[in-house]
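J.: Below is the structure I would like to discuss, written out as structure tokens.
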Amino acid sequence: MTTYKQTPSQTVGPYFAYGLCPEQYNFDLKSLFTPSIADRESAGQHISIVGQVFDGEEKVVGDAVIEMAQADSTGRYVSTLAEARKSGFRGFARVGTGTDPELRFVVDTVKPGSTGADSAPHIDVIVLMRGMLLHAYTRIYFDDEADANARDDVLALVPAERRGTLIAKREAGTSNTIYRFDIHLQGPEETVFFDL
Amino acid sequence: MTAPSLILTPRDWDSHPPYCHPGYKSSVLRSPSRPLIPLKENLKDRRVPVYGADDLGKLDHDLTRNAAKNGEPLGERIIVTGRVLDESGRPVRNTLVEIWQANAAGRYVHKADQHAAPLDPNFLGAGRCMTDNDGRYRFLTIKPGAYPWGNHSNAWRPNHIHFSLFGDYFGSRLVTQMYFPGDPLLDLDPIFQGTPEHARNRLISRFSIDTTEEGYALGYEFDIVLRGANQTPTEA
């Protein structure tokens, strides 16, 4: 039975950097979470997710916090710190959009494996920023996984014409494997956000 | 017979502020305009970061000392403590609580903060700790000052401390702000007022003489309730 009521959410505000992403913003405090989901030595295909956040006037947002959670290259979620330290796969990233000259978020990781027959490789995303009184949830899929995407039970809930907003596009002609994933808060390309 | 399944209690939309609250101007262009797509949360995949107490520094919970360079920070020392619970009142144990705040003069250590109030060389304003077996966290800090902001004419943020928690599930994530009792700015603050009226008092800490340490620091209690798992019998 529910007896306690949820504490309401409030905005992360503009001044989160030294608290949430201190190393990225050059503050003298160890970051508990970094823009890297997987170290170089961890198993799998190493990729980067790169994107920008756009507001309702298509202005790039320079004070967003993006968090990402994903399974490893075999489709397993890491469950203990010891396991993460051994494999170099942390499974989680946190990045602010305020340090890149183009206000991009850049997250280094390995391509996630599928977590089940009805699940295409994906990364779960939490979006926070000044101006958002509560965080938003979205997901990143991959454009070179068309068959798996077609079988994915979450994508199937999304109207077909909006699915593209969840699909990261592999950039051509780069030496590293880079997937582009922009987040649009409003407008014709508004990203699909989930209630979960 | 099917085994009972674990489900996450839903986001309580009656407790949280809406995405778009026009009184808070920057929410207008930064709020999703289309309805969210409901997802059934799959609790077998935790999808919360792994971390441990040994990630934390010894003074991470003590903001009066964790950035001290050549003395103590200025301002009124306070103790901020409380329990992290789920909606059934179960303690959320070993969970990370991260906080950040302005200094006593109302100034943040952030290059974007241009408020003409002094920085404190002995205060960063960031802290974190893990909850104990009762779900309790405890910080020692300096009471943050109010500061002006550009939302509207003569706009001032009430004194507040930012909190960030994950809880046990991807869906129990919470970022919020703790306020102080009796602050006259609360009635005028569109961020606080964005919360439904009946839920606002959950954001205000409680002064506690029991938590107060004699001759040292005033105590404030702030309990935090996160979404949790409920066991529900599966329909036959």
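In order, the protein sequences belong to chains B and E.
Take the numbering used here: the last position of the first sequence gets the number 563, and nothing is skipped along the way.
Take the numbering used here: the last position of the second sequence gets the number 223, and nothing is skipped along the way.
Positions of the beta carbon are idealized from the N, C-alpha and C atoms, including for glycine.
1. At the level of alpha carbons, what is the spacing between T564 of chain B and H413 of chain B?
2. Just checking: is the beta-carbon of Q180 of chain E within a distance shorter than 8 Å of some beta-carbon in chain B?
3. Counting only beta-carbon atoms, is P105 of chain E nearer than 8 Å to chain B?
4. When the Cα of F157 of chain E is compared with those of B:E424, B:R537, B:R506, B:D514, which residue comes out closest?
5. Determine the closest residue to G137 of chain E out of E:R160, E:L111, E:Q101, with distance taken between C-alpha atoms.
6. Taking a Cβ distance cut-off of 9 Å, strictly less, list which residues of the stretch 380 to 411 of chain B are near chain E, in chain order.
7. Rounded to whole angstroms, what is the Cα-Cα separation between S171 of chain E and A103 of chain E?
8. According to DSSP, what are the bridge partners of N217 of chain E?
9. If you drop the 5 nearest sequence neighbours on each side, which residues of the same chain put their C-beta closer than 6 Å to that of L495 of chain B?
10. Closer than 8 Å, CB to CB, is T(-11) of chain E near chain B or not?
11. Is there a C-beta anywhere in chain E that falls below 8 Å from the one on Y371 of chain B?
12. How many angstroms separate the CA atom of A436 of chain B from the CA atom of I416 of chain B?
13. Determine, for W143 of chain E, whether the minimum Cβ-Cβ distance to residues of chain B falls below 8 Å.
14. Does the beta-carbon distance from I86 of chain E to F150 of chain E come in below 8 Å?
15. So the candidates are E:G10, E:F110, E:M117; which of them puts its Cα closest to the Cα of S140 of chain E?
16. Going by C-alpha to C-alpha distance, which of B:S398, B:K478, B:E424, B:G411 sits closest to S20 of chain E?
17. Any idea what DSSP makes of K12 of chain E, helix, strand or coil?
18. Expressed to the nearest angstrom, what Euclidean distance is found between the alpha-carbon atoms of K98 of chain E and N146 of chain E?
19. Whole alpha helix (DSSP H) runs in the stretch 382 to 436 of chain B with 4 or more residues, listed along the chain?
20. Along chain E, which residues have their Cβ under 7 Å away from the Cβ of V445 of chain B?
21. Anything in the stretch 3 to 21 of chain E with a Cβ closer than 9 Å to a Cβ of chain B? List those residues in chain order, please.
22. With DSSP as the reference, identify every bridge partner of M496 of chain B, one or two as the case may be.
23. Mapping DSSP to helix, strand and coil, what is T370 of chain B?
24. Relative to the alpha-carbon of F509 of chain B, which residue among B:G458, B:G465, B:A487 has its alpha-carbon at the smallest distance?
25. Compare the C-beta of L375 of chain B against all C-beta atoms of chain E and say whether one is closer than 8 Å.
26. Indicate whether at least one CB of chain E lies closer than 8 Å to the CB of L563 of chain B.
27. Rounded to whole angstroms, what is the Cα-Cα separation between F548 of chain B and G554 of chain B?
28. How should D514 of chain B be labelled, buried or exposed, when 16 other C-beta atoms within 10 angstroms of its C-beta is the threshold for buried?
29. Closer than 8 Å between beta carbons: that is the criterion. Which residues of the stretch 54 to 82 of chain E meet it against chain B?
30. Determine the DSSP secondary structure at L127 of chain E, reduced to helix, strand or coil.
31. By a C-beta neighbour count over all protein chains shown, 10 Å radius and 16 as the cutoff for buried, is G58 of chain E buried or exposed?
32. Residues of chain B with CB under 7 Å from F110 of chain E, in chain order?
33. Note down, in chain order, all residues in the stretch 502 to 528 of chain B with a beta-carbon under 7 Å from any beta-carbon belonging to chain E.
34. Return helix, strand or coil for S2 of chain E, following the three-state DSSP convention.
T.: With the structure as the only source:
1. The structure shown does not extend to residue 564 of chain B, since chain B is modelled only from 368 to 563, so the question has no answer here.
2. no
3. no
4. B:R506
5. E:Q101
6. G380, P381, Y382, F383, A384, Y385, G386, L387, P389, Y392, F394, D395, L396, K397, L399, F400
7. Note on residue identity: the sequence assigns Pro, not Ser, to residue 171 of chain E. Their Cα atoms are separated by approximately 22 Å.
8. E:I(-6)
9. V379, V432, H502
10. The pLDDT assigned to T(-11) of chain E is 49, lower than 50, so where the model puts this residue is not dependable; a value taken from the coordinates is nonetheless given after this. So, not an interface residue.
11. yes
12. 12 Å
13. no
14. yes
15. E:G10
16. B:E424
17. helix
18. 20 Å
19. 384 to 387
20. V37
21. H3, P4, P5, Y6, C7, H8, Y11, K12, S13, S14, V15, L16, R17, S18, P19, S20, R21
22. B:A431
23. coil
24. B:A487
25. The residue asked about is misnamed: residue 375 of chain B is Pro in this sequence, not Leu. Yes, P375 of chain B counts as interfacial toward chain E.
26. yes
27. 16 Å
28. exposed
29. A54, L72, D73, E74, S75, G76
30. strand
31. exposed
32. Within 7 Å Cβ-Cβ: nothing; F110 of chain E doesn't reach chain B, min ~11 Å.
33. H502, A503, V521, L524, V525
34. coil
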